[in-house]
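Engineer: I have a structure here, written as structure tokens, and I will follow up with some questions on it.
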């Protein structure tokens, strides 16, 4: 079940072409059409944001957030152990280049 919905319905991935057909079909109830339009809009916004990040020369926005490395530390420790925390995998001292 999907924890984000009070209706306790199952959440599944719906391909964009199906959402477009739902949004453009007059045979579909208005509520479903509006949901499809909202989902398509959110998906388009996410894709545009991702393309901007991929096209930029700088690091992803999450690396600029000082809370991100602190949040990743327990995850990294759990995955690779506390002794591996002393040095990043590539041997650099630049913590921004560390990868999980």
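In full-length UniProt numbering, the protein residues as written are 1 to 100.
We put the beta carbon where it would ideally sit given N, CA and C, even for glycine.
Given the structure is predicted, the values throughout are model-derived calculations rather than measurements.
#1: So, is residue 27 buried or exposed, given that buried needs 16 or more other C-beta atoms within 10 angstroms?
#2: Can you tell me where the alpha helix (DSSP H) holding residue 41 begins and where it ends?
#3: Expressed to the nearest angstrom, what Euclidean distance is found between the alpha-carbon atoms of residue 43 and residue 16?
#4: Can you give the beta carbon distance from residue 36 to residue 19, rounded, assuming they're within the 8 Å contact cut?
#5: If you run the structure through DSSP and keep just helix, strand and coil, what is residue 27?
#6: Do you know offhand how far residue 48's Cα is from residue 21's?
#7: Going by beta carbon distance, what residues of the same chain come within less than 8 Å of residue 40, once the five residues before and after it are set aside?
Structural biologist: Let me lay it out:
#1: Looking up residue 27 in the chain shown gives position 27. Label assigned to residue 27: exposed.
#2: Translated into the one-based positions of the chain shown, residue 41 becomes position 41. Unbroken alpha helix (DSSP H) run through residue 41: 30 to 55.
#3: As a working mapping, residue 43 is identified with position 43 in the chain shown. As a working mapping, residue 16 is identified with position 16 in the chain shown. Whole-angstrom Cα-Cα distance: 9 Å.
#4: Indexing the chain shown from 1 puts residue 36 at position 36. Indexing the chain shown from 1 puts residue 19 at position 19. Between residue 19 and residue 36 the Cβ distance is about 5 Å, and since that is below 8 Å, they are a contact.
#5: Position 27 of the chain shown, counted from the start, is the residue given in the question as residue 27. Three-state result, residue 27: coil.
#6: Taking the first residue of the chain shown as 1, we reach residue 48 at position 48. Taking the first residue of the chain shown as 1, we reach residue 21 at position 21. The straight-line gap from Cα to Cα measures roughly 22 Å.
#7: Position 40 of the chain shown, counting from 1, holds the residue named residue 40. Closer than 8 Å at Cβ, skipping near neighbours: 16, 19, 20, 23.
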